[in-house]
Every structure is written in structure tokens, then in C-alpha cells.
Amino acid sequence: MTRKPMNPAPKARKGRKAGRRHPLASVALIAIGLLFTGGAYAAFSTTTASAESDANSQQTIDDGEKLFAANCATCHGLSAQGSGDGPSLIGVGAASVDFQVGTGRMPLQMQGPQALKKPVQFTEEQTAALAAYVASLAPGPAIPEGEVLDGQGDAAVGAELFRINCAMCHNVAGAGGALTEGKFAPSLADVSAVHVYEAMVTGPQNMPVFNDMNISPENKRDIITYLKYIEDNPSPGGLAIGSLGPVAEGLFIWIFGLGAIVALTVWITAKSN
Amino acid sequence: MTSVSTREPTEVKKSGGFTASAANYIDERTSVSGAVKELGRKIFPDHWSFLLGEVALFSFVIILLSGSFLTFFFDASMAEVHYDGSYAPLKGIAMSAAMQSTMDISFDIRGGLLMRQVHHWAALLFVAAIGLHMLRVFFTGAFRKPREINWVIGFVLFILAMAEGFTGYSLPDDLLSGNGLRIIDGLIKGIPVIGTWFSFLLFGGEFPGTAIVGRLYSLHILLLPAIIVALIAMHLLFVVVHKHTQYPSAGHTNKNVVGYPILPVYAAKAGGFFFIVFGVVMLIASFVTINPIWNYGPYDPSPVSAGTQPDWYIGFADGAMRLVPPGWEFVWLNHTYSMNILVVLGVVGLFIVTVMIYPFIEAWITGDKREHHVLDRPRNAPTRTAIGAAGVTFYASLWAAASSDIMATHFHLTMEGVIHTLQATTLLGPFLAFYITKRVCLALMKKDREIVLHGYESGRIVRLPGGEYVEVHQQVDDFERWKLVSYNDQKPLMLRPNANGKITVPEQVRAGLSRWFFEDRIAPVDQIELDQAHGAHHTEIEGSAVQPAQITDK
Chain W
368 MTRKPMNPAP
378 KARKGRKAGR
388 RHPLASVALI
398 AIGLLFTGGA
408 YAAFSTTTAS
418 AESDANSQQT
428 IDDGEKLFAA
438 NCATCHGLSA
448 QGSGDGPSLI
458 GVGAASVDFQ
468 VGTGRMPLQM
478 QGPQALKKPV
488 QFTEEQTAAL
498 AAYVASLAPG
508 PAIPEGEVLD
518 GQGDAAVGAE
528 LFRINCAMCH
538 NVAGAGGALT
548 EGKFAPSLAD
558 VSAVHVYEAM
568 VTGPQNMPVF
578 NDMNISPENK
588 RDIITYLKYI
598 EDNPSPGGLA
608 IGSLGPVAEG
618 LFIWIFGLGA
628 IVALTVWITA
638 KSN
Chain B
18 MTSVSTREPT
28 EVKKSGGFTA
38 SAANYIDERT
48 SVSGAVKELG
58 RKIFPDHWSF
68 LLGEVALFSF
78 VIILLSGSFL
88 TFFFDASMAE
98 VHYDGSYAPL
108 KGIAMSAAMQ
118 STMDISFDIR
128 GGLLMRQVHH
138 WAALLFVAAI
148 GLHMLRVFFT
158 GAFRKPREIN
168 WVIGFVLFIL
178 AMAEGFTGYS
188 LPDDLLSGNG
198 LRIIDGLIKG
208 IPVIGTWFSF
218 LLFGGEFPGT
228 AIVGRLYSLH
238 ILLLPAIIVA
248 LIAMHLLFVV
258 VHKHTQYPSA
268 GHTNKNVVGY
278 PILPVYAAKA
288 GGFFFIVFGV
298 VMLIASFVTI
308 NPIWNYGPYD
318 PSPVSAGTQP
328 DWYIGFADGA
338 MRLVPPGWEF
348 VWLNHTYSMN
358 ILVVLGVVGL
368 FIVTVMIYPF
378 IEAWITGDKR
388 EHHVLDRPRN
398 APTRTAIGAA
408 GVTFYASLWA
418 AASSDIMATH
428 FHLTMEGVIH
438 TLQATTLLGP
448 FLAFYITKRV
458 CLALMKKDRE
468 IVLHGYESGR
478 IVRLPGGEYV
488 EVHQQVDDFE
498 RWKLVSYNDQ
508 KPLMLRPNAN
518 GKITVPEQVR
528 AGLSRWFFED
538 RIAPVDQIEL
548 DQAHGAHHTE
558 IEGSAVQPAQ
568 ITDK
């Protein structure tokens with residue numbers, strides 16, 4: 368009874384089995400779609416890659432020089448030689464420019480104890496052009512890429528290196544800490560791997576330089592791995608209250624702990640109306 | 018059965034079910050009914066601030082329970098092991114067995130991390146509740162005769178609680194606790210002659226050695242808790258012996274206690290309150306991290322993390338060290354004298370001893386030998402309240418200094434600016450706080466006096482037949498007036514010659530201090546003043562009060 372109306376259907380299906388109603392048609396369609404998209408993407412990204420490989424072309428450097436003259440030369444001098452308001456940039460390398468401009472620290476908003484992180488002022492292309500220009504002045508650390516940034520190193524080694532080399536300013540959990548005269552080591556939360564690496568090799572502001580003789584690229588990768596680990600894994604104990612240590616804990620118990628308890632004592636001893 | 022009932026008819030008559038027979042069974046064997054009768058009818062007054070000591074007691078019970086759990090798994094050994102637990106960023110790292118067992122408690126033992134956090138949060142709450150309880154006792158004058166000894170016992174408990182906290186903080190042998198111990202080691206070594214010897218004795222050789230965790234563990238779980246339990250028992254015994262104090266109110270005198278009996282009301286309230294405190298600690302421990310040793314890693318003498326601080330109750334001592342300006346050390350006879358450490362030890366020690374013996378100091382100055390069971394309202398003892406405010410300011414400045422680096426980063430200040438400001442508030446703040454508090458207290462007493470004499474401003478303006486406008490004042494009721502007028506009016510001591518006809522120097526000092534204590538005072542309103550004020554008002558207000566009432570009635 369129920370199958371009767373269905374009977375013509377197999378016939379019809381049979382007829383179109385080789386056409387667009389074939390059971391594997393949708394799979395094929397997806398495969399074709401993926402091939403096209405992937406191919407187009409691959410072609411596109413090769414063009415991007417080739418554009419990036421042009422980063423050091425004369426054209427890019429010239430663009431960078433123009434941007435530099437318009438935005439940086441006031442303090443760093445017309446040929447990046449430095450002035451009373453800013454240091455010389457000859458030999459600082461592309462990594463330094465990518466860090467300072469890529470985190471928004473440069474151009475400087477105002478003179479102060481230290482340059483603060485703020486919304487980035489240039490596009491990635493412009494930053495790359497500036498970096499290419501500064502790198503063209505003299506050799507310096509290049510923008511890191513590849514395996515060292517992947518966060519697949521040894522977190523335990525990274526954690527130990529971090530405690531020994533970084534924690535005295537940045538705090539064991541990378542929460543940041545105070546330095547003298549209003550300067551401070553910033554929090555490392557949400558800092559990208561490439562910027563962490565650049566900071567280590569260029570030593571921005573008050574930070575010392577950790578060159579490849581001090582901490583090998585492999586160990587830098589471990590440190591980045593550790594930072595990524597604590598960023599991806601929230602505290603097993605619950606709210607981390609800033610990972611600031613006993614000060615935050617003390618404030619918490621006085622304000623919320625004892626505050627709640629005192630409110631409850633008032634409630635318990637309240638006279639019923 | 019029948020033979021039994023005929024032989025002991027009284028037993029059967031008494032029986033009123035299981036509870037009664039069980040109570041009877043126990044009483045016949047322990048004679049406990051006398052104690053229940055005595056204690057069960059003990060009266061406790063009801064006020065929220067009287068529960069702060071209970072909070073401390075309950076926190077201590079929570080600490081004992083959670084601490085017992087931790088002892089099952091903690092290994093107080095400094096033998097070197099390589100961590101092989103679940104926390105990836107420490108895998109294979111060399112650490113002490115103490116650190117490893119704490120890591121295991123945190124990550125590999127069911128409920129271990131919760132118990133660790135319960136233990137630590139309850140410890141912070143314990144000391145905080147003691148602190149608030151002490152402030153209540155101080156500002157209400159509850160330490161006066163006959164309770165001076167109990168103040169000292171309570172204060173020793175406060176010190177012991179800090180010692181318990183510090184020894185516990187040092188046990189996990191993580192980076193933070195090792196840094197704390199290093200500071201203690203430095204403090205001890207700064208003491209001339211005995212310092213180095215004492216440090217070697219304590220650590221069993223040069224810092225850090227391999228003995229300190231085991232030794233602190235013995236103190237932490239054996240000696241200090243035993244002393245604390247004994248002192249708590251004494252503290253509570255004295256509360257029973259002295260009876261509880263009460264706030265001034267109508268019907269509250271030095272000869273009675275107005276409140277609820279222990280059985281059934283107070284026992285039920287306090288029992289319920291224990292579970293409330295336990296619940297609050299459990300909630301905090303479930304949701305908020307404390308002492309994440311996995312971040313700090315094992316102790317290693319070279320690194321120090323930014324933001325390394327002691328737990329809050331040791332903060333004042335740490336802050337005092339931070340406030341010392343540089344360059345106070347000097348060399349004399351080929352030895353270095355670390356005044357930066359010795360001055361801090363001296364000042365902090367003097368502060369602690371002064372607070373501990375304050376009841377005796379005040380009793381000597383005032384010459385007050387009466388028993389006091391009715392508390393002072395803080396405003397009615399302006400000089401004491403001002404001294405307390407000065408002490409709190411001093412302590413708070415030192416305490417705040419322990420977080421100078423956190424303040425600098427979070428409020429975008431310079432570290433030096435924070436330190437200099439706190440140096441100023443430490444030295445000048447107490448004087449300012451003293452002056453302001455005393456003036457505020459006196460002003461409040463004046464206001465009370467005004468209210469007793471003239472009543473509250475009711476906000477109702479009335480026009481008299483002659484065209485004059487007056488505001489009707491609402492008189493306070495008798496209960497309220499009692500509270501406002503019944504306080505001790507103390508006057509400066511008279512300087513009198515002793516039996517030999519001489520005025521001794523100590524007596525002169527005492528009279529001088531007494532003058533400083535009681536010179537500025539507002540006398541309570543007496544009956545004559547009250548009658549006069551009300552007599553004067555009756556003619557003025559009665560007429561005005563009656564007329565508008567008639568108007569509103571229509």
C-alpha cells in the first residue's frame with residue numbers, strides 16, 4: 368500500500384542516475400567547489416606571498432621612506448639618525464619597527480615615562496613598508512617567522528626560562544609589574560607570538576635584549592609556548608583575579624569575603640518587624 | 018514489665034518519650050544538667066558586631082577541618098624530586114617533595130585543590146575577622162576592667178594567627194614562599210651578634226638548606242594550633258565568666274545583660290551561622306583561585322616574581338621595610354649595622370606591644386577602677402577613638418606600602434611617588450587622623466546634646482497667631498534619650514599630694530596625660546538641663562503643636 372506511489376520513483380531515479388541526481392553528485396560538486404576555492408586561494412596567496420617577498424623591493428622602501436618622513440622624522444630625524452626627542456633607528460632592524468608600530472606604541476602619543484600600547488595607527492602594509500625602510504638603513508633583527516612562533520615547543524622549559532628571565536618584571540603569570548619612575552613591564556596577555564619574539568630580540572624601552580646567544584630561538588619558542596599555554600588554559604582554581612598574587616587575594620577577602628560575612632551578621636541579628 | 022513499673026514508679030512517670038529518657042539516661046551518668054542549666058540560661062546580647070569573634074572561631078574550625086585533609090597528602094620534605102604530575106608546564110622540573118605533594122594535592126587528588134583553597138581562604142578570613150573583632154572591642158571600650166587580660170589573650174591569638182599563616186604560606190616551597198622565607202632570613206641576619214647564628218640554627222645551615230619546611234610543618238600543625246586552641250578556650254571561658262558586654266540602651270546597666278539565652282535561641286543562631294560562614298568560604302574557594310603555586314613554580318633562590326608580596330596580614334611588616342629610605346646601613350668596628358632592618362623591627366615591635374598593653378595604659382591614665390559592662394559609643398570616648406583612628410592610619414599606611422608596586426602599575430603612578438606619599442601618611446597621617454577624629458567625636462556629642470535638649474527638626478513649619486513662623490521640633494522618646502545621655506563623663510584627674518605630702522613625677526605625668534585625655538569633653542545632659550529646656554519649650558511648642566493638629570484634623 369505504502370510502497371505503491373513510490374514505485375515510479377526508482378524508475379525515474381534510474382533514468383537520471385548518470386546525471387545531476389546521481390548519489391555522488393553532491394560529493395563531486397563539493398569536491399569541485401573546494402578545488403576551485405582552494406585553487407583560487409592558493410593562487411591568491413602566492414600572489415600575496417610574492418607581494419610580501421617584494422617587501423624589500425626598492426618600491427616598498429621608498430614608500431616606507433615617505434611614511435617615515437611624514438610620521439616619524441619629527442623625533443627620529445629625517446634620515447632616522449635620531450634627535451633630542453627620539454633615538455636613532457639605524458640598525459634597530461625590521462623587528463623593532465614591526466613591534467613598536469605593530470602594537471601601536473609608535474607613533475608616540477606624547478612624551479612620558481614610556482610609550483604605551485594603543486590602537487595601531489598604520490595598516491599592515493604601511494607597517495611593513497616602514498620596517499623595510501628602517502631595515503634598509505643598516506642590518507638588524509628581521510621580523511621572525513615560521514616554526515619559532517607556532518607555540519609547539521616545550522612549555523615546561525619555557526616556564527622555567529620565563530621565571531628566571533622574565534618574571535621579575537612581568538610577574539610569573541605575565542600579569543606585568545612596576546619599574547622605577549613610572550615605567551612598568553606590561554601585561555603579556557593577548558600579545559601575539561611575533562610581538563613577544565620581537566620584544567625579546569630587540570629589547571624595547573626598558574626591556575633588556577635577549578639575543579640568540581642568551582636564549583636560543585628554540586628556547587624563545589618554548590617561552591612563547593608557555594605564554595600561549597597560560598593564555599589558553601584558565602586558572603584551574605577559578606577566577607584568577609588578575610594573577611597579581613596576595614595583594615589581590617587580600618583585597619578580595621576583605622571586600623567580598625568579610626563584606627559578605629558582615630552583611631550576613633547584620634541579617635542574622637536583625638530584629639523581625 | 019509490671020514488676021519494674023511497680024518497683025520504680027517515678028521513672029515511668031518522668032518518661033516523656035525517647036528524648037526525655039535519653040536525656041535522663043545521660044544526666045544520671047554525667048550530672049550534666051547542672052552545667053546545661055547554668056550555661057543554657059547564659060544570656061548573650063544580639064548585635065551584629067558581637068558575631069565577628071564567632072566568625073574568627075568558625076574560620077578556625079574550617080581551617081582545622083581542611084588542614085587535616087591536607088596533612089593526609091602533604092609531604093614535608095625538601096628531598097629533590099622531578100615533577101611527574103598532570104600539570105604540563107612543570108613536567109620534569111626539579112622541585113622539593115613538599116612542592117610536588119602540593120602540586121599533587123592541587124591536580125591529582127580528588128577535591129585537593131578545593132581543600133587547599135578552602136584552607137587558605139579561611140586562613141585569610143580568620144585573621145581578617147580577628148582584626149575586625151579587635152577594632153570593635155577597641156572602639157567600644159570593651160577592653161576595660163574586668164576584660165584587660167582577655168584583650169591580651171585575644172591579641173596574642175592575633176599574633177599566633179599571623180605566625181600560623183606565615184608558616185603555612187612557607188610550606189609549599191614554591192617560589193613565592195621561598196622569597197618570603199628569604200626576607201625573614203634577611204631580617205634575622207640583620208640583627209647584630211645573634212642574627213647569623215640564629216639564622217643558621219633556624220635553617221639548619223645556610224639558607225635555604227633542606228630542613229626548614231619540616232621544621233615549619235611541626236610548628237604549623239602541632240605547636241601553634243595547640244597553643245591557639247588552648248588560648249581560644251581561655252578566651253571563651255573569660256567571656257562566660259565576665260558575661261558579655263552590651264551597647265548602651267534603655268534598661269542596659271552594668272549589673273544585667275539583656276539578650277537571648279544560649280538555649281535554645283543563641284545555640285541555634287550560632288550553629289546556623291557556622292554553616293553560613295562555612296558556605297561563604299566554600300563559595301569563595303570554589304570560584305576564586307588562591308596561591309596558584311603552579312604559576313610560581315618551585316623555589317629557586319635566583320628568580321623573584323614581580324608582585325611578590327606576603328599574605329595580607331604580614332603586609333604591614335613588609336610595607337614598613339619598603340618605606341625605609343635608602344642608605345641607613347653603616348659600618349662600625351668592622352661590622353655592618355643594618356638600621357634599615359633594626360629600625361623597622363623596633364618600630365613594628367613597639368607598635369605591637371603598645372596595642373597589646375593599651376588597656377593598662379588607659380586604665381592608668383584615667384584612674385578608672387570601676388567595672389564596665391556597658392560599652393562606650395565611640396563618640397563618647399573622643400580621645401580613645403582618636404587614638405584608635407591614629408593607630409589604624411599608621412597600620413594602614415604600612416599595609417598599603419606592601420602593595421606599592423601594584424598601586425604604581427594600576428593607577429599609572431610612579432613607584433617613588435607612591436612610596437614618598439606613604440612615608441608622609443605613615444608619619445603625619447596619624448596626627449591628622451587623631452585631630453580630625455577627635456573633633457568629629459566632639460561634634461557628634463554636641464549634636465546628641467542638641468537633640469536631647471531640643472529634639473529633632475521635624476520639617477513642619479507653623480505660623481503662630483502673631484505671624485511668627487516656627488519649626489516644630491520632635492522630641493526624642495525616652496528609650497532614645499537614655500542612649501544619648503547615659504555615658505561616663507570623665508574629668509581630668511586632680512593632682513594631689515601623696516601620703517608624704519609630695520607630688521611625684523609619675524603622678525605629674527599621669528595628670529598631664531589625663532588632662533590630654535579628658536580636657537575636651539561634652540558633659541551629658543542632666544535632669545535640670547532637660548527640665549529647663551523642656552519647660553522653656555512647652556509654652557512655645559504646645560501652642561504651635563496643638564493648632565496645626567486641629568487644622569489637619571479637619
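Protein chains in written order, with my numbering: chain W, 368 to 640; chain B, 18 to 571.
For each residue, glycine too, the CB sits at the ideal point set by N, CA and C.
Check your understanding: Out of A285/B, N312/B, R153/B, which has the shortest C-alpha to C-alpha gap to G70/B?
Key -> Position 53 of the second sequence holds residue 70/B. Looking at the Cα atoms, R153/B is the closest of the given residues.
Segment contact flag, the segment 434-448 of chain B with the segment 406-418 of chain B, C-beta cutoff 8 Å, min 3 pairs: yes
Please tell me whether R588/W has its Cβ less than 9 Å away from any Cβ of chain B. If you number the first sequence from 1, residue 588/W lands on position 221. Not one chain B Cβ lies under 9 Å of R588/W.
What did DSSP end up calling P209/B once you bin it into helix, strand or coil? Within the second sequence, the letter at position 192 stands for residue 209/B. Of the three classes helix, strand and coil, the one that applies to P209/B here is coil, per DSSP.
Q.
So for E419/W, helix, strand or coil by DSSP?
A. Translated into positions along the first sequence, residue 419/W becomes position 52. Because E419/W sits at a pLDDT of 48, beneath the cut-off of 50, its placement in the model cannot be relied upon, and the point is left open.
If you measure between the beta carbons of L68/B and F292/B, is that distance less than 9 Å? Taking the second sequence and counting its residues from 1, one reaches residue 68/B at position 51. Taking the second sequence and counting its residues from 1, one reaches residue 292/B at position 275. No; because the gap between Cβ atoms is not below 9 Å, this pair is not in contact.
| field | DSSP-derived helix/strand/coil call for I457/W | value | In the first sequence, residue 457/W corresponds to position 90, counting from 1. Correct three-state label for I457/W: coil.
- Under 9 Å, do P399/B and D537/B count as touching if we go by C-beta distance? For the purposes of this step, residue 399/B is taken as residue 382 along the second sequence, with counting starting at 1. For the purposes of this step, residue 537/B is taken as residue 520 along the second sequence, with counting starting at 1. Yes, the Cβ-Cβ distance between P399/B and D537/B is below 9 Å.
_If we define contact as Cβ-Cβ less than 9 Å, is H437/B a contact residue for chain W?_
Stepping through the second sequence from its first residue, residue 437/B is reached at position 420. Cβ-Cβ to chain W under 9 Å: no for H437/B.
* Asked: Looking at C-alpha atoms only, which residue of E548/W, T441/W, V539/W, G513/W is the closest neighbour of P480/W?
  -> As a first step, residue 480/W is located in the first sequence; it is residue number 113 there, counting from the start. Selection E548/W, T441/W, V539/W, G513/W evaluated against P480/W yields E548/W as nearest (Cα-Cα).
- Task: Could you name the residues of chain B that M535/W contacts, counting a contact when the two beta carbons are closer than 8 Å?
- Result: Numbered from its first residue, the first sequence carries residue 535/W at position 168. Near M535/W (Cβ distances below 8 Å), the residues of chain B are P320, V321, S322, A323.
Checklist entry - With distances taken from CA atoms, which of D121/B, R46/B, G336/B, L240/B is nearest D422/B? => result If you number the second sequence from 1, residue 422/B lands on position 405. Of D121/B, R46/B, G336/B, L240/B, the residue nearest in Cα terms is G336/B.
Q. Bridge partners of F551/W, per DSSP?
A. The count along the first sequence starts at 1 and reaches residue 551/W at position 184. Residue pairing by DSSP places F551/W opposite A545/W in a beta bridge.
Next item on the list: Kindly say whether K638/W, judged by its beta-carbon, lies nearer than 9 Å to any beta-carbon of chain B.
Entry: Start at 1 with the first residue of the first sequence, and residue 638/W comes out as number 271. Closer than 9 Å to some Cβ of chain B, the Cβ of K638/W qualifies, so yes.
Separation of L516/W from V459/W, as counted between CA atoms
As a first step, residue 459/W is located in the first sequence; it is residue number 92 there, counting from the start. As a first step, residue 516/W is located in the first sequence; it is residue number 149 there, counting from the start. About 21 Å.
Between V365/B and the rest of its own chain, which residues show a CB-CB distance below 7 Å, the 5 nearest in sequence each way excluded? The sequence position of residue 365/B within the second sequence is 348, counting from 1. If we look at V365/B and ignore the five residues flanking it on each side, its Cβ neighbours are A334, A337.
| said: Any beta carbon from chain W within less than 9 Å of F333/B's own beta carbon? | reply: Your numbering for residue 333/B matches position 316 in the second sequence. Chain W, which has no Cβ nearer than 9 Å to the Cβ of F333/B, makes this no.
Practice item. On a CA-only basis, which of N351/B, P541/B, V391/B, G296/B is nearest Y264/B? Give me that one, please. Key: On the second sequence, residue 264/B is found 247 positions in, with the first residue counted as 1. Taking only the C-alpha atoms, the option nearest Y264/B is V391/B.
Inset, instruction - For the alpha helix (DSSP H) holding V297/B, just list the boundary residues, first then last. - result: What you label residue 297/B is simply residue 280 of the second sequence in a count that begins at 1. Start and end: 284-304.
Ordered along the chain, which non-local residues of its own chain (more than five positions away) have a Cβ less than 8 Å from that of V49/B?
-> Within the second sequence, residue 49/B is the residue found at index 32, counting from 1. So the list reads I43, once near-sequence residues are dropped.
Exercise. When you check each C-beta in the segment 538-570 of chain W against every C-beta of chain A, which residues fall closer than 8 Å?
Worked result: The structure shown contains no chain A; the protein chains it does contain are W and B.
Check: Within this structure, are the beta carbons of T157/B and S216/B separated by less than 9 Å?
Finding: In the second sequence, the residue the question calls residue 157/B occupies position 140. In the second sequence, the residue the question calls residue 216/B occupies position 199. Between T157/B and S216/B, the gap from beta carbon to beta carbon reaches 9 Å or more.
Run through DSSP, which three-state label would S322/B get? By one-based count along the second sequence, residue 322/B stands at place 305. Coil at S322/B, not helix or strand.
- Is it buried or exposed for R513/B, if we count other Cβ within 10 angstroms and need 16 for buried? Within the second sequence, the letter at position 496 stands for residue 513/B. Counting Cβ neighbours within 10 Å, R513/B comes out exposed, since fewer than 16 surround it.
field: Close Cβ partners of K162/B (< 6 Å) along its chain, the five nearest in sequence each way excluded
entry: Looking up residue 162/B in the second sequence gives position 145. So the qualifying residues of the chain are E388.
At what residues does the beta strand (DSSP E) containing V493/B begin and finish?
Along the second sequence, one-based indexing puts residue 493/B at 476. Element bounds for V493/B: n/a, residue is neither H nor E.
Where does M511/B fall in DSSP's three states?
Locating residue 511/B in the second sequence gives position 494, counting from the first residue. It is coil, neither helix nor strand.
Which of helix, strand or coil DSSP assigns to M112/B: Taking the second sequence and counting its residues from 1, the one referred to as residue 112/B is at position 95. Here M112/B carries a strand assignment [DSSP, helix/strand/coil].
Sub-9 Å separation of A115/B and F91/B beta-carbons: Numbered from its first residue, the second sequence carries residue 115/B at position 98. Numbered from its first residue, the second sequence carries residue 91/B at position 74. Against a cut-off of 9 Å, the Cβ pair of F91/B and A115/B comes out as a contact.
Item to complete: Determine the direct distance from the alpha carbon of G231/B to that of H136/B, and round the result to whole angstroms.
Response: The residue given as residue 136/B occupies position 119 in the second sequence. The residue given as residue 231/B occupies position 214 in the second sequence. Distance between the alpha carbons of H136/B and G231/B is about 19 Å.
- On the premise that F466/W lies in contact with T569/W, defined as a C-beta separation below 8 Å, what is that separation, rounded to the nearest angstrom? Here residue 569/W refers to the residue found at position 202 of the first sequence. Here residue 466/W refers to the residue found at position 99 of the first sequence. At roughly 6 Å, the Cβ-Cβ gap stays under 8 Å, so T569/W and F466/W are in contact.
- [ ] Since I believe L415/B is in contact with T443/B (beta carbons under 8 Å), could you give me their beta-carbon distance rounded to a whole number of angstroms?
- [x] The count along the second sequence starts at 1 and reaches residue 443/B at position 426. The count along the second sequence starts at 1 and reaches residue 415/B at position 398. The Cβ separation is near 6 Å, so the contact holds.
Report task. Determine the contact status of S303/B and L131/B, defining contact as a CB-CB distance below 9 Å. Result -> As a first step, residue 303/B is located in the second sequence; it is residue number 286 there, counting from the start. As a first step, residue 131/B is located in the second sequence; it is residue number 114 there, counting from the start. Yes, they are a contact pair.
### Query
Along the segment 442-470 of chain W, what residues have a CB closer than 7 Å to any CB found in chain B?
The segment 442-470 of chain W vs chain B, Cβ under 7 Å: nothing.
Review point. For the candidate residues A403/B, M424/B, G472/B, whose alpha-carbon lies nearest to that of V457/B?
Key: As a first step, residue 457/B must be located in the second sequence, where it is residue number 440. Cα-wise, what sits closest to V457/B is A403/B.
Between the segment 174-196 of chain B and chain W, which residues of the former have CB atoms less than 8 Å from a CB of the latter, in chain order? Residues of the segment 174-196 of chain B whose Cβ lies closer than 8 Å to any Cβ of chain W, in chain order: L192, L193.
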